[in-house]
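Just so you know, the sequences run in chain order A and B.
FYI, in this note's numbering the residues of the first sequence are 1 to 244.
FYI, in this note's numbering the residues of the second sequence are 1001 to 1234.
Beta carbons: idealized from backbone N, C-alpha and C, even for Gly.
Each remark here refers to the structure printed beneath this line.
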Amino acid sequence: MSQKVEKLIDKKGLRLDGRKPDELRPIKIEVGVLANADGSAYIQQGKNKILAAVYGPRELHPKHLALPDRTVLRCRYHMAPFSVQERKSPAPSRREIELSKVIREALEPSLFLEYYPRTAIDVFIEVLQADGGTRCASITAASLALADAGIPMRDLVVACAAGKVDDTIVLDLMDTEDKKGNADVPVALMPNLNAITLLQMDGNLSLEEFEKAVNLAIDGCKKIYAMQKEALRAKYVNIKEVEE
Amino acid sequence: MPTFFEKRQLVTPGDLLAEGDYIAGENTYKENDKIYASRIGLVDYEDRKVNVVALRAFYIPRVGDTVIGTVVEVGFNGWTVDINSPYLALLRASDVLSRPFRPQKNDLSKVLDVGDLVIAKIIAYDRAHNPQLTVGEPGLGKITRGQVVKITPTKIPRVIGRKGSMISMIKQETGCHIILGHNGVILITGKRLEDEQLAMMAIHKIDEESHTSGLTDRVTQMIKNEKAKRKGGS
């Protein structure tokens, strides 16, 4: 994108939606929203609306895919046809298949897969409305759904992106910033263990800029982590309050 | 050697529970002398050991457990039983039929058919094989009547209560016979449907509020209120 049609950051240093460069979009998280799934979570991050559901561990079919020493984690990231401006074909696209794999690999290190051999855990992620940074919001929601299903894990996984827009490093890019900006760096993190489980970069950044973006994304992750934990606790704390 | 939470406090996966010379108990793990929670639940520190009583979990078979399951498949020499766990259990025909049987002659679906409920005991299980069941003990076998309730398996001890206080109270108040499966499935048999429904209500209440204190008293109160309401209504 060489010629810029519009300014992505105004004179005051604010972004298109009025956020400061290091500000997250408003986030709302809910846990246990689906009755039929073993675990589920719903996240709204800005205009993103994403549902995650977890089934398992359960018997794996077809059986020849089962592993004798650990659980098979299966992940499906899917965008609803109405999630974007132009209707998206409901068939899994190249991008969705890739994101399914990327999300699976971001979640895998957090789970004790060796505990339940010969079984499968299925994670379904449904993007109802997309506005940039869906892979990050999906990871955040999927990890919560896994915790809600009672699957033992090392830590919750949180994800957040940072990037470069109009030569400024910004946090949590939305769709227009992602498409018209210079770079996008999604990061997934297990905050208590301080371990990164996903790190991608799309675009061009200098080494210093990259470092700055990663650190900014990690700070964003930690802020979302607090909300994630709060959402998980809220399900049980509420009952306590009603009773007393 | 600090601990970072109070007893019976709510923790989420990844929370640092204790540091130093502690032993990782249930639903926790140890890394570099630090103990973390691996499930959402309530912490419990007993001496050196750190446990988390999970609020969300599934049933993992253990040899000796009594379970209640549903027959999902009739095979040539046995049945496959869903015991509300990641693994399906096997019940062998030779275990159910005490006499010798021939697969060509005996029709196993006449003994137990798909959808039948059984109370059974786990006699063998390891990582490499699915659990095996037996019904060859008194009190085990096909269920013919009653109501079945499913709850989170980790909450079975809460339904039993301290030294069986909760379960004996429910049995006494409702006059129902209650069998607890370790897999979180509970069978209630009473003389009247209303009694069974009352016991079911009490168990659902325990399932929802298992992490609160003073639960036995509240459940007793609920049953008494419910009884009074019914008397007034009829």
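Identity of the residue in the options nearest residue i by Cα
i	options	result
L73 of chain A	A:L107, A:L51, A:F82, A:I43	A:L107
R233 of chain A	B:A1054, B:G1025, B:D1047	B:A1054
G1136 of chain B	B:L1091, B:A1018, B:K1155, B:T1216	B:L1091
N98 of chain A	A:P62, A:Q228, A:Q200	The displayed chain sequence assigns Glu, not Asn, to residue 98 of chain A. The shortest Cα separation from E98 of chain A among A:P62, A:Q228, A:Q200 belongs to A:Q200.
Q45 of chain A	A:E96, A:A161, A:A147	A:A161
A1089 of chain B	B:T1066, B:E1026, B:N1225	B:T1066
N264 of chain A	A:G39, A:K63, A:I27	For residue 264 of chain A there is no data in the structure shown, the boundaries of chain A being 1 and 244.
I151 of chain A	B:A1120, B:R1056, B:V1159	B:R1056
R1127 of chain B	A:T134, A:Y115, A:L128, A:V127	A:Y115
H1182 of chain B	B:S1094, B:K1150, B:K1229	B:K1150
R135 of chain A	A:A53, A:K12, A:M79	A:M79
K1163 of chain B	B:T1216, B:K1191, B:G1146	B:T1216
D155 of chain A	A:N194, A:K63, A:L65	A:N194
Q1132 of chain B	B:L1108, B:A1120, B:T1212, B:L1042	B:A1120
E1244 of chain B	B:L1180, B:C1176, B:T1174, B:I1156	With chain B running from 1001 to 1234 in the structure shown, residue 1244 of chain B is simply not present.
V127 of chain A	A:A37, A:A52, A:M153, A:P57	A:A52
A226 of chain A	A:D175, A:I29, A:I169	A:I29
K229 of chain A	A:T140, A:V214, A:L16	A:T140
P191 of chain A	A:C221, A:V33, A:R19, A:A35	A:C221
D69 of chain A	A:S100, A:S40, A:L113	A:L113
P1170 of chain B	B:I1123, B:T1152, B:T1134, B:R1218	The question names Pro, yet the displayed sequence has Ile at residue 1170 of chain B. The shortest C-alpha separation from I1170 of chain B is found at B:R1218.
D22 of chain A	A:V237, A:L216, A:P90, A:G132	A:L216
R1145 of chain B	B:G1190, B:I1123, B:I1160, B:E1173	B:G1190
D175 of chain A	A:G163, A:T168, A:D167	A:G163
I224 of chain A	A:K101, A:R25, A:S89, A:P62	A:R25
M153 of chain A	B:D1207, B:L1016, B:R1102	B:L1016
V247 of chain A	A:E177, A:Y42, A:I169	Since the first and last residues shown for chain A are 1 and 244, residue 247 of chain A lies out of range.
Y1059 of chain B	A:Y236, A:A149, A:D219	A:A149
Cβ separation of residue i and residue j, assumed to be a contact under 8 Å, to the nearest whole Å
i	j	result
T71 of chain A	A120 of chain A	6 Å
S110 of chain A	V157 of chain A	5 Å
L173 of chain A	G181 of chain A	6 Å
T1028 of chain B	V1063 of chain B	Actually they are not in contact, since the Cβ atoms of T1028 of chain B and V1063 of chain B sit about 23 Å apart, beyond 8 Å.
S1085 of chain B	P1061 of chain B	6 Å
V1114 of chain B	V1072 of chain B	6 Å
L8 of chain A	R15 of chain A	7 Å
T1220 of chain B	L1198 of chain B	Contact doesn't hold; Cβ gap of about 12 Å is too wide.
(request) Tell me the start and end of each unbroken alpha helix (DSSP H) in the stretch 114–195 of chain A that is at least 4 residues and wholly inside, in chain order. (result) 134–148, 175–180, all fully within the stretch 114–195 of chain A.
(message) Below 8 Å, how does it come out for the stretch 1167–1187 of chain B and the stretch 1197–1206 of chain B: are there three or more Cβ pairs, yes or no?
(response) yes
(request) Compile a chain-ordered list of the residues in the stretch 1023–1040 of chain B whose CB is closer than 8 Å to at least one CB of chain A. (result) N1027, Y1029, E1031, Y1036, S1038, R1039, I1040
(message) At 3 residues or longer, what runs of the beta strand (DSSP E) sit wholly inside the stretch 1170–1204 of chain B?
(response) 1177–1180, 1185–1189
(request) Could you list the residues in the stretch 85–105 of chain A with a C-beta less than 8 Å from some C-beta on chain B, going in chain order? (result) none
(request) State whether the stretch 115–132 of chain A contacts the stretch 1019–1028 of chain B, with contact taken as three or more CB pairs (one from each stretch) at a distance under 8 Å. (result) no
(request) Could you please tell me which residues of the stretch 1204–1223 of chain B, in chain order, have their CB closer than 8 Å to any CB of chain A? (result) Answer set for the stretch 1204–1223 of chain B: E1208, E1209, H1211, T1212, R1218.
(message) List, from N- to C-terminal side, the beta strand (DSSP E) runs of 3 residues or more that fit wholly inside the stretch 1084–1113 of chain B.
(response) Complete beta strand (DSSP E) runs here, min 3: 1089–1092.
(message) Short of 8 Å Cβ to Cβ, which residues in the stretch 1086–1101 of chain B face chain A?
(response) P1086, Y1087, L1088
(request) Would you check if there are 3 or more beta carbon pairs closer than 8 Å linking the stretch 182–195 of chain A to the stretch 205–220 of chain A? (result) The answer is yes - the stretch 205–220 of chain A touches the stretch 182–195 of chain A, with three or more Cβ pairs under 8 Å.
(message) Quick check on the DSSP output: what are the complete alpha helix (DSSP H) runs of length 4 or more inside the stretch 39–119 of chain A, in order along the chain?
(response) Segments of the alpha helix (DSSP H) lying fully in the stretch 39–119 of chain A: 94–107.
(message) Going residue by residue through the stretch 1019–1050 of chain B, where are the continuous beta strand (DSSP E) segments of at least 3 residues, counting only ones entirely within it?
(response) 1028–1031, 1034–1037, 1041–1046
(request) Using a Cβ-Cβ cut-off of less than 7 Å, list which residues of the stretch 1053–1076 of chain B approach chain A; keep chain order. (result) A1054, L1055, R1056, A1057, F1058
(request) Check each residue of the stretch 1002–1020 of chain B: if its Cβ is closer than 8 Å to any Cβ of chain A, include it; give the result in chain order. (result) L1010, T1012, P1013, G1014, D1015, L1016
(message) Tell me which residues of the stretch 1106–1133 of chain B have at least one Cβ-Cβ distance to chain A shorter than 9 Å, keeping chain order.
(response) R1127, A1128, N1130
(request) Could you please tell me which residues of the stretch 62–78 of chain A, in chain order, have their CB closer than 9 Å to any CB of chain B? (result) Residues are counted here when their Cβ sits less than 9 Å from a Cβ of chain B; for the stretch 62–78 of chain A these are P68, D69, T71, given in chain order.
(request) Identify each residue in the stretch 123–135 of chain A for which the Cβ-Cβ distance to at least one residue of chain B is less than 9 Å, and report them in chain order. (result) none
(request) Note down, in chain order, all residues in the stretch 144–156 of chain A with a beta-carbon under 9 Å from any beta-carbon belonging to chain B. (result) L146, A147, D148, A149, G150, I151, P152, M153, R154, D155, L156
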